[in-house]
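Enquirer: Read in our numbering, the sequence shown has 135 at position 126, and its numbers run on one by one without any break.
Backbone N, C-alpha and C fix where the C-beta goes; we use that ideal spot for every residue, glycine too.
Being a predicted model, the structure only gives us computed values, none of them experimental.
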Amino acid sequence: MSEKSKKLGKIIKAIWIFNWFNSCGFAELVPLVGSRWDMERFGMIVVGNPRHADVLFIAGYQTLKSIKRARLVYEQMAEPRVVLALGCCTITGGMYWDSYNTIKKLSDYIPVNMYIPGCPPRPEAVFEACGKIFQHVKEMD
Ligand code: SF4
10 MSEKSKKLGK IIKAIWIFNW FNSCGFAELV PLVGSRWDME RFGMIVVGNP
60 RHADVLFIAG YQTLKSIKRA RLVYEQMAEP RVVLALGCCT ITGGMYWDSY
110 NTIKKLSDYI PVNMYIPGCP PRPEAVFEAC GKIFQHVKEM D
């Protein structure tokens, strides 16, 4: 590898994201993948396998059944891994807080690094959170 490539390798980074979305949770990321916000140009790449992912985006209300699968996804991710919770339903149960089968506190089931409240969260808030992840990765070098 040339000296220039090594330098570029230190500067250019991408975070690979695995999405775990329930219900309208998927709608929370749609604006980010569209042409207006286009998260890939910032190096935020969605991957299809949790074993390849650095970050877990978790959105939508989580049921007692789905959180078990989310936990399996989390356990397959390599260290260091980051969990980002998007939206009120994910974080606290939101408008489903009194439902018999939704969880009320995500961090009781999965360690959460960042919370982005909203219904749904604004794309700017997601970018700011990802900016902090990039900063964190940079500081780890
Ligand atoms: S926070 Fe809003 S957009 Fe997200 S899952 Fe709940 S109701 Fe849907």
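Does DSSP put serine 14 in a helix, in a strand, or in coil?
Expert: What you label residue 14 is simply residue 5 of the sequence shown in a count that begins at 1. Summary for serine 14: the model assigns pLDDT 48, below 50, so the residue's position carries little reliability, and this model does not support an answer.
Enquirer: If you measure from the CB of leucine 95, is any heavy atom of the ligand SF4 nearer than 8 Å?
Expert: For this step, residue 95 is matched to residue 86 along the sequence shown. Yes; taking the cut-off as 8 Å, the Cβ of leucine 95 has a heavy atom of the ligand SF4 nearer than that.
Enquirer: Any heavy atom of the ligand SF4 closer than 8 Å to the beta-carbon of asparagine 58?
Expert: Within the sequence shown, residue 58 is the residue found at index 49, counting from 1. Outside the cutoff, so no.
Enquirer: Comparing alpha-carbon positions, which option in His61, Val92, Gly34, Ala87 lies nearest serine 142?
Expert: Here residue 142 corresponds to residue number 133 of the sequence shown, with the count starting at 1. First, the amino acid is wrong: residue 142 is isoleucine here, not serine. Taking only the C-alpha atoms, the option nearest isoleucine 142 is Val92.
Enquirer: Flag this pair as yes or no: are the beta carbons of isoleucine 125 and alanine 138 separated by less than 9 Å?
Expert: Here residue 125 refers to the residue found at position 116 of the sequence shown. Here residue 138 refers to the residue found at position 129 of the sequence shown. Their beta carbons are under 9 Å apart, which means isoleucine 125 touches alanine 138 by this criterion.
Enquirer: Closer than 6 Å by C-beta to valine 121: which residues in its own chain qualify, once you throw out the five before and the five after it? Chain order, please.
Expert: For the purposes of this step, residue 121 is taken as the residue at position 112 of the sequence shown. Here the set comprises Val92, Ala94, Leu115.
Enquirer: Is it buried or exposed for alanine 62, if we count other Cβ within 10 angstroms and need 16 for buried?
Expert: Working through the sequence shown from its first residue, we reach residue 62 at position 53. Answer is buried; the Cβ neighbour count reaches 16.
Enquirer: Just grab the DSSP bridge partners of asparagine 110 for me.
Expert: As a working mapping, residue 110 is identified with position 101 in the sequence shown. Paired residues: none, contrary to the question.
Enquirer: Run the CB neighbour count on tyrosine 109, radius 10 Å, all protein chains shown included, and call it buried at 16 or more, exposed below.
Expert: The residue labelled residue 109 in the question sits at position 100 within the sequence shown. Exposed: under 16 other Cβ atoms inside 10 Å.
Enquirer: Could you tell me whether any non-hydrogen atom of the ligand SF4 is closer than 8 Å to the CB of threonine 72?
Expert: One-based indexing of the sequence shown puts residue 72 at position 63. No, the Cβ of threonine 72 stays beyond 8 Å of every heavy atom of the ligand SF4.
Enquirer: So leucine 166 and proline 132 are supposed to be a Cβ contact under 8 Å. How far apart are they, rounded?
Expert: This structure leaves residue 166 out entirely; the chain is present only between 10 and 150.
Enquirer: Among the residues of its own chain, which have a CB less than 8 Å from the CB of serine 32, if the five just before and after it don't count?
Expert: For this step, residue 32 is matched to residue 23 along the sequence shown. Only Gly69, Tyr70, Cys98 meet the Cβ criterion.
Enquirer: When you compare only the Cα positions, how much space is there between tyrosine 105 and leucine 73?
Expert: Position 96 of the sequence shown, counted from the first residue, corresponds to residue 105. Position 64 of the sequence shown, counted from the first residue, corresponds to residue 73. Straight-line Cα distance between these residues: approximately 13 Å.
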